[in-house]
Amino acid sequence: MLKTKKILVGVCGGIAAYKVVEIVSMLKKMNADVHVIMTESAVEFVKPLTFQSITHNPVIYDMFSEPKKWNIEHVAYAEMADLFLIAPATANIIGKVSAGIADDMLSTTIMATQKSVLFVPAMNVKMFTNLIVQDNIRKLKRYGYNFIEPEYGRLAYGDNGLGRFPESQKVISLITKLL
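Here it is, written out as structure tokens:
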């Protein structure tokens, strides 16, 4: 069980964002304290209320909204987390972190995190196999970031290829291993 563990989940704007709802639910059933940060794009795929209802914690999706209590939100979240899950990890967030860009709540929190970060890439095969994306992933791995490889299967646009979001249990297994 994950009773004493605090897990931060960063949800990016990809079609696989809906699959993160199941992972968050599984983590809560394992008694983890789960907090969610969403990108503006992620909010277009899954509403913050969904995650708030499951976690019983406020969901952060606007870097400049007034905080409920005074603290530097991205630093506070980074310090409290035992593990930071980024799912689905889009080419955009992978590129931002690789380049050191911190221009929204999710990317600034990743930059402030000194604990384990686990990226779960999910995108179409052409994006995933793009040389720049692959170079960014290799760079982040060299820096100590963790990755779960996407699976081969039917993708959102109908073709089969590498880039499919992994099964939830595979993600949960790696989270428990990293903790």
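Throughout, the working numbering is defined as the position within the sequence shown, counted from one, plus 13.
Beta carbons are placed, not taken as given, at the ideal position from N, Cα and C, and that holds for glycine.
| query | result |
| --- | --- |
| Counting along the chain, where does the alpha helix (DSSP H) carrying L144 start and finish? | L144 to R155 |
| To which residues of the same chain is V128 closer than 7 Å at the C-beta, ignoring the five residues directly before and after it? | Checking the displayed sequence, the identity of residue 128 turns out to be Lys instead of Val. Taken in chain order, the residues that qualify are A94, D95, L96 and F97. |
| Under the three-state reduction of DSSP, which class applies to S54: helix, strand or coil? | coil |
| Buried or exposed: K16, going by 16 or more other Cβ atoms within 10 Å of its Cβ? | exposed |
| Going by the beta-carbon positions, is the gap between M118 and I188 smaller than 9 Å? | no |
| Against chain C, does Y158 count as a neighbour if the rule is that its beta carbon must be under 9 Å from one of theirs? | This model lacks chain C altogether, as it is built from one protein chain only. |
| Between the Cα of V138 and the Cα atoms of V146, Y170 and G176, which residue gives the shortest distance? | G176 |
| In chain order, what residues of the same chain have a beta carbon less than 6 Å from the beta carbon of Q182, not counting five sequence neighbours either side? | none |
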